[in-house]
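Protein chains in written order, with this note's numbering: chain A, 1 to 160; chain B, 1001 to 1150.
Think of the CB as a built atom: it goes at the ideal place given N, C-alpha and C, for glycine as much as any other residue.
Below is one structure, written out as structure tokens, with a few remarks after it.
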């Protein structure tokens, strides 16, 4: 005779249906939006463009800088989305470098998106965008996220 | 005699499942969803810069949160798009996002991007297409508006 695992009529009621899940993530009162947008034209084939984003914007070369900037500067950016798009449907690569070390690398055709599950904090960030195609490309890099209005040292003290 | 750990028909109800999961999230009572759509048929010249101003008058002095910003054409043509905020006092464009794409450029904000709408600010979409033609164009912005300020 088979064993009855759940006796009929017993067990806890299923409250899971009452959970409110219609919430939307938004910034809290101590967070402000942070973003960067950089446009670089004429990156030659089999070459790359490189720029520092944090703590300050600094274009290092490879192609022609059209515009670029980060808002605000010298703050820790908690980045929740990064995208880079190119003007032609060719293979491109996106490399994030922190303190001289490769932190993240991703390839894609014309568009690369990095959307981490939780926002990643960056105090220092250098970006390289590779062009693996056979002609010059223009790119737009952008990231968005937030920064904390509470200084790091105060946050550490609050935890004590 | 063995200890009865759990009598039949008893046991604590699992209240954890009715907990409000509002940590790092906000309940919707403070917010209204909105969708802003601009569309129409336009004749565009290849390589020429165009812009569209999204009037923010109804949201003056309020916070708005942008979840997505999409530029779409009815043809699979290369386009360049820049989304931003325009300050009419100083004639400054602060770009928020943008990109290159064929027929569509979409910028998504997993954590909706907060903008406080000062009276002289507007959202603006700058764009270029690289083929002279007539297009059905659509710009779609979705997000939240804060109705109650805390």
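Note to self: According to DSSP, is residue 57(A) part of a helix, a strand, or is it coil?
What the structure shows: Reduced to three states, the DSSP call for residue 57(A) is coil.
Notebook entry, point to check: If you measure beta-carbon to beta-carbon, which residues of the segment 1105 to 1116 of chain B are closer than 8 Å to chain A?
Noted result: 1105, 1107, 1108, 1109, 1110, 1111, 1112, 1113, 1114, 1115
Checklist line | Same chain only: Cβ atoms within 6 Å of residue 78(A), ignoring 5 sequence neighbours per side | finding: 119, 121, 145, 146
Notebook entry, point to check: Mind pulling the beta strand (DSSP E) runs of 3 or more residues that sit fully within the segment 1043 to 1131 of chain B?
Noted result: 1050 to 1054, 1063 to 1073, 1078 to 1087, 1092 to 1102, 1104 to 1116, 1121 to 1129
Check: What residues from the segment 117 to 145 of chain A come within 8 Å of chain B, judged by C-beta to C-beta, listed N to C?
Finding: 119, 138, 139, 140, 142, 144, 145
Checklist line | Whole-Å CB distance - residue 1103(B) paired with residue 1077(B), under 8 Å assumed | finding: 6 Å
Notebook entry, point to check: Taking the continuous beta strand (DSSP E) assigned at residue 34(A), which residues delimit it?
Noted result: For residue 34(A), the uninterrupted beta strand (DSSP E) run begins and ends at 31 to 43, by DSSP.
Checklist line | Residue from 26(A), 89(A), 100(A) with nearest C-alpha to residue 131(A) | finding: 89(A)
Check: How long is the line joining the alpha carbons of residue 1079(B) and residue 134(A), rounded to whole angstroms?
Finding: 20 Å
Check: Taking three-plus beta-carbon pairs below 8 Å as touching, is the segment 62 to 79 of chain A in contact with the segment 22 to 41 of chain A?
Finding: yes
Notebook entry, point to check: Mind pulling the chain A residues with CB within less than 9 Å of residue 1100(B)?
Noted result: 85, 86, 87, 88, 110, 111, 137, 138, 139, 140
Item checked: From 127(A), 46(A), 81(A), residue whose alpha carbon lies closest to that of residue 101(A) -> 127(A)
Notebook entry, point to check: Is it a yes or a no for the segment 104 to 116 of chain A touching the segment 41 to 61 of chain A, going by three-plus beta-carbon pairs under 8 Å?
Noted result: A contact between stretches requires three or more CB pairs, one per stretch, nearer than 8 Å, and the segment 104 to 116 of chain A fails this requirement with the segment 41 to 61 of chain A.
Next item on the list: On a CA-only basis, which of 1123(B), 1122(B), 1083(B) is nearest residue 1107(B)? Give me that one, please.
Entry: Comparing Cα-Cα distances from residue 1107(B) to each of 1123(B), 1122(B), 1083(B), the minimum goes to 1083(B).
Notebook entry, point to check: At what residues does the beta strand (DSSP E) containing residue 87(A) begin and finish?
Noted result: No beta strand (DSSP E) contains residue 87(A), which DSSP labels as neither H nor E.
Item checked: Nearest-angstrom beta carbon gap, residue 114(A) and residue 104(A) [assumed within contact, 8 Å] -> 7 Å
Next item on the list: For residue 1050(B), count neighbouring C-beta atoms within 10 Å of its own C-beta (all shown protein chains included) and say buried if the count is 16 or more, exposed if not.
Entry: exposed
Checklist line | Beta carbon of residue 1074(B) nearer than 7 Å to that of residue 1121(B) | finding: no
Next item on the list: Going by CA-CA distance only, name the one from 1142(B), 1141(B), 1123(B) that's closest to residue 1093(B).
Entry: 1123(B)
Next item on the list: Indicate whether at least one CB of chain B lies closer than 7 Å to the CB of residue 150(A).
Entry: no
Checklist line | Interfacial residues, the segment 32 to 45 of chain A to chain B, with Cβ spacing under 7 Å | finding: 33, 35, 37
Next item on the list: Quick one: list the residues of chain C neighbouring residue 80(A), beta-carbon separation under 7 Å, in chain order.
Entry: Absence of chain C from the displayed structure is noted, the protein chains being A and B.
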